[in-house]
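Undergrad: Protein chains in written order, with the working numbering: chain C, 100 to 470; chain S, 100 to 470.
All C-beta atoms in this analysis are idealised placements derived from N, C-alpha and C, irrespective of residue type, glycine included.
Right, I'll just put the structure down here and ask away after.
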């Protein structure tokens, strides 16, 4: 990955915003993959980007950082007693930020913490805003570059291999329980040189598929028994995750179950037919809402979301009135209509979509498997 | 679990704080297990607690909530278009909160979001503070009740069974790779009727144990080869997680590796000897720092932390000057000294400790396994 090019893009943005310093933070309480995207460092850290185009990484684990991170300077977080505010003070001194210089801290900084920053660092202009660095990085990340699209082509092939293997092994009775299926994915992913799964696999047999996200995610219960079973998973390759959902339908099915399956297939096709450069994400999601409404049913979650270093990132395909995301070439996102009923169970059909200058493409081959 | 009793405790606290309404939120961006602790609901949701002692849950997944949640009222989040601010407005109306009533929103609310709340809800006194409801719940959760201690006794027995099985199967060569070991735990946990693992298992063979938290967490690489290998895992029973770390040491070891192993054992014993009612967590952590310093080495992470519904919760055994946590009966926490070197590799020894009126007890039997 060309991390320096990514950092360069942010420096350019900082110039137009007249920022002296930008601070980003990735920690357990508030995960932020921006640091991973900008430097390649995969763990807890603070990152400081200065107006003289230098990047200072302050990682929790210096040994991991030395292996992975592309940056100009590196100091272990322990040297600042793991305290973000005093780390920021040191960084500002290190970069000789002029008095009253504009320093942007993470947009997710809690209000009580923000007050502390302002109180303890009175010499600088501390900025915390929604439409700041994080949001700029989100916009940049939304459009995948050639390297990332290449990764997704490989990743999709690997995901499809696993989809096929799961179908085969569920059908031939090798994979019997939710745990069998989930563990099979963990193993297969690593055999294919993937880093693992992108999120906890959700394997919900017919008794538990009524939940959007089954709880617990998978159990020793049978998978793919009579009725509807849901399998939602993603695998990770070079940091990037796929995200697909298969539904296993074992007959005899009820009339409602058949209706649900028909509707989610139709919804997927309808949504995909509207994928093009400039399309409003809201409009696509609303068209699916309308389709479901005709059958007096509704979907309790969004229609889809961008994927990348995170399982959920921009753009978001939601029908909320304030959703202003528009599709553009380079975006990779899911379409995942789903319907759920406390007694009939649930079903979801999810694939990963790539939009390029040449049009839309379904990368993954998830399916509704009839048994 | 007696969820109503927990809610009652919070209502009592709300009274002394003169709060009309408390809002809590658990979502992907900011996980908060307070809602799980207060109601048993295991997924994304908003929870409103009113001064007339009623709890309104607004879950993302109504089907899951109906199965798990103890509360007075329930409305699907989709009815408010998944928008927290308009949900809060509706809740305030529903509970007939008087004008200028004090409404506390989550302490982790980002500063830019806080401004929106205040802007869009001018009729109420919106409070967002560090020492508020979340922190009160944290204090309450820190002291485990009889039911929770019982769960931990069972959970520790199950964890110990898995520890023994891992030792046996690594020693006899059945578990060869990091993935073998990690997957073995996933399977065994579910066989023992556990919900799964409490966090991603970290299995780092000798080539990768230099990292505090190996990245990726586990791979197809060999485990327990010559040198030091680390295995950090926890299993979940009735929502509660254990957290243990084993080190596998296969000789011949270098002098430094032997020194590391000796030091972490000694550090564990030293720390445990200081565990008693009223002990300052900072002092315990600092005593280990001092021990390591004598050997001119330092530990890049905290000495331990509370466990419960989360893998990391209060109290925190850290040596930072601002750490004011004190030990008290009912606390369950880890002690986990670890040392790491880019070439020699790393080792960590972690067990779960219970402090009762009768003194301290090591619940788990993690070990340094010599091969």
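Taking the Cβ atom as the reference point for each residue, do residue 321 (chain S) and residue 301 (chain S) lie within a distance shorter than 8 Å?
TA: Their beta carbons are not under 8 Å apart, which means residue 321 (chain S) does not touch residue 301 (chain S) by this criterion.
Undergrad: In chain C, what lies closer than 7 Å to residue 309 (chain S) by C-beta?
TA: Simply 162.
Undergrad: Using the rule of at least 16 other Cβ atoms within 10 Å of the residue's Cβ for burial, across every protein chain shown, is residue 532 (chain C) buried or exposed?
TA: The structure shown does not extend to residue 532 (chain C), since chain C spans only 100 to 470, so no value can be given for it.
Undergrad: When you compare the CB positions of residue 173 (chain S) and residue 180 (chain S), do they come within less than 8 Å of one another, or not?
TA: No, the pair does not count as a contact, with Cβ atoms beyond the cut-off.
Undergrad: Taking 8 Å as the threshold (C-beta atoms), are residue 201 (chain S) and residue 117 (chain S) in contact?
TA: In this structure, residue 201 (chain S) lies closer than 8 Å to residue 117 (chain S) by Cβ.
Undergrad: Nearest to residue 540 (chain S) by CA position, among S:326, S:349, S:339, S:286, is which residue?
TA: No information on residue 540 (chain S) is available, as it lies outside the stretch 100 to 470 that chain S covers here.
Undergrad: Is it the case that the Cβ atoms of residue 451 (chain C) and residue 343 (chain C) are separated by a distance below 8 Å?
TA: Yes, Cβ-Cβ distance for residue 451 (chain C) and residue 343 (chain C) is below 8 Å.
Undergrad: 8 Å is my cut-off, CB to CB: does residue 411 (chain C) come that close to chain S?
TA: So yes, residue 411 (chain C) belongs to the interface.
Undergrad: Chain C beta carbons: is any one of them nearer than 8 Å to that of residue 168 (chain S)?
TA: Not one chain C Cβ lies under 8 Å of residue 168 (chain S).
Undergrad: Which residues in the same chain as residue 228 (chain C) place their Cβ atom closer than 7 Å to its Cβ, once the five residues preceding and following it in sequence are excluded?
TA: Result list for residue 228 (chain C): 206, in chain order.
Undergrad: Does the beta-carbon distance from residue 261 (chain S) to residue 294 (chain S) come in below 8 Å?
TA: No, they are not a contact pair.
Undergrad: Who are residue 396 (chain C)'s beta bridge partners in DSSP?
TA: Answer is none; residue 396 (chain C) lacks a bridge partner.
Undergrad: How far does the alpha helix (DSSP H) with residue 370 (chain S) in it reach, from first residue to last?
TA: Taken as a continuous stretch (DSSP letters only), the alpha helix (DSSP H) holding residue 370 (chain S) covers 354-372.
Undergrad: Beta carbon of residue 384 (chain C), beta carbon of residue 416 (chain C): below 8 Å?
TA: Cβ atoms of residue 384 (chain C) and residue 416 (chain C): closer than 8 Å.
Undergrad: What did DSSP end up calling residue 162 (chain S) once you bin it into helix, strand or coil?
TA: It is helical.
Undergrad: Would you mind telling me which residues of chain C sit closer than 8 Å to residue 290 (chain S), beta carbon to beta carbon, in chain order?
TA: Residues of chain C passing the Cβ test: 319.
Undergrad: Spell out the partners DSSP gives residue 209 (chain C) in its beta bridges.
TA: Answer is S:209, bridged to residue 209 (chain C).
Undergrad: Check the Cβ of residue 213 (chain C) against every Cβ in chain S and list those closer than 7 Å, keeping chain order.
TA: Within chain S, the residues near residue 213 (chain C) are 210.
Undergrad: Just to confirm my understanding: we take residue 186 (chain C), look at its own chain, exclude 5 residues before and 5 after, and list those with CB closer than 6 Å. What are they?
TA: The answer, listed in chain order, is 145, 157, 179.
Undergrad: For residue 308 (chain C), which of helix, strand or coil comes out of DSSP?
TA: Looking at residue 308 (chain C) - three-state DSSP - the assignment turns out to be coil, as it is neither helix nor strand.
Undergrad: Since residue 446 (chain C) sits in a beta bridge, which residues does DSSP pair it with?
TA: Answer is C:438.
Undergrad: Taking 8 Å as the threshold (C-beta atoms), are residue 364 (chain C) and residue 448 (chain C) in contact?
TA: Closer than 8 Å, so yes.
Undergrad: Under 8 Å, do residue 168 (chain C) and residue 138 (chain C) count as touching if we go by C-beta distance?
TA: It is a contact, given that the beta carbons lie within the stated cut-off.
Undergrad: At least one CB of chain S closer than 8 Å to the CB of residue 206 (chain C): is that the case?
TA: It does; some Cβ of chain S falls within 8 Å.
Undergrad: Since residue 334 (chain C) sits in a beta bridge, which residues does DSSP pair it with?
TA: C:296, per the DSSP bridge assignment.
Undergrad: Nearest-angstrom Cα distance between residue 318 (chain S) and residue 418 (chain S)?
TA: Whole-angstrom Cα-Cα distance: 33 Å.
Undergrad: List the residues that DSSP assigns as beta-bridge partners of residue 469 (chain S).
TA: Partner(s): S:348.
Undergrad: Nearest chain A C-beta to residue 448 (chain C) closer than 8 Å, yes or no?
TA: Absent from the structure is chain A; the protein chains it does hold are C and S.
Undergrad: Using a beta-carbon distance cut-off of less than 7 Å, what residues from the region 224-248 of chain S approach chain C?
TA: Those would be 227, 228, 229, in chain order.
Undergrad: Using CA atoms only, rank isn't needed, just tell me which of C:379, C:406, C:362, C:407 is closest to residue 474 (chain C).
TA: This structure leaves residue 474 (chain C) out entirely; chain C is present only between 100 and 470.
Undergrad: Residue 391 (chain C): which of C:370, C:380, C:377 sits nearest, CA to CA?
TA: Taking only the C-alpha atoms, the option nearest residue 391 (chain C) is C:370.
Undergrad: Please classify residue 218 (chain S) as buried or exposed, where buried requires at least 16 other C-beta atoms within 10 Å of its C-beta.
TA: Flag for residue 218 (chain S) reads exposed.
Undergrad: So the beta strand (DSSP E) residue 461 (chain S) belongs to, where does it begin and stop?
TA: Segment 458-461, the beta strand (DSSP E) holding residue 461 (chain S).
Undergrad: Strictly under 8 Å for the Cβ-Cβ distance: is residue 314 (chain C) near chain S by that measure?
TA: True, the Cβ-Cβ gap to chain S drops below 8 Å.
Undergrad: Identify the continuous beta strand (DSSP E) that holds residue 144 (chain S) and give its terminal residues.
TA: Here the beta strand (DSSP E) through residue 144 (chain S) covers 144-149.
Undergrad: Give a yes or no on whether the C-beta atoms belonging to residue 110 (chain S) and residue 155 (chain S) are separated by under 8 Å.
TA: No.
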